[in-house]
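Worksheet: the structure to be examined is printed underneath.
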Amino acid sequence: MALNGDLTTRVYLETKDELGDLGRAFNKIANNLQESSSRIETTEKSVDMKVKAKTQVLEEIINALEQKVKNRTLELQRIIDELEVIQKKSKNKEMETEQLKKELDDLKQVLNRCQVERKGLTKKK
242 MALNGDLTTR
252 VYLETKDELG
262 DLGRAFNKIA
272 NNLQESSSRI
282 ETTEKSVDMK
292 VKAKTQVLEE
302 IINALEQKVK
312 NRTLELQRII
322 DELEVIQKKS
332 KNKEMETEQL
342 KKELDDLKQV
352 LNRCQVERKG
362 LTKKK
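Residue numbers for the sequence shown follow the working numbering, beginning at 242 and rising by one.
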């Protein structure tokens, strides 16, 4: 029945009066509604397929971007790790340099004392 959404229901009146006209008009409206409903359903399916296809493409793009971000993150972490190693080595070299400067200063002081003592010995002769 058309009241329940069944658009296949038709009225069969073969009279040529107002009731017949009303029946034909009802059938024409039912046909138009059925065609419209069919077009809407077809369009809905088409849109649904397009949405699914676009969603799949977007998911693939997101996955590719996530992989790129992951790869870049790993590369950046590797660089950070290398920089930390370089920083530690640099700190060690800095400490070694400070130690060598101290030893050099100590040697200069010893050399100066030796020169002073030598001059003192040379004057006594």
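The C-beta atom is built at its ideal place from N, Cα and C for all residues, glycine as well. This structure is a prediction, so every number in the text was calculated from the model and none was measured.
Residue closest to residue i, alpha-carbon to alpha-carbon, out of the options
i: asparagine 268; options: Ser278, Glu259, Gln275 and Arg251; result: Arg251
i: glycine 246; options: Glu259, Ala271, Val357 and Leu263; result: Ala271
i: asparagine 273; options: Leu362, Lys334 and Leu248; result: Leu248
The ligand MN heavy atom lying under 7 Å from the CB of residue i
i: glutamine 350; result: Summarising the ligand content, the structure contains no ligands, and the ligand MN is consequently not present.
Proximal residues to residue i (C-beta, below 6 Å), its chain only, five neighbours per side dropped
i: glycine 264; result: Val252 and Leu254
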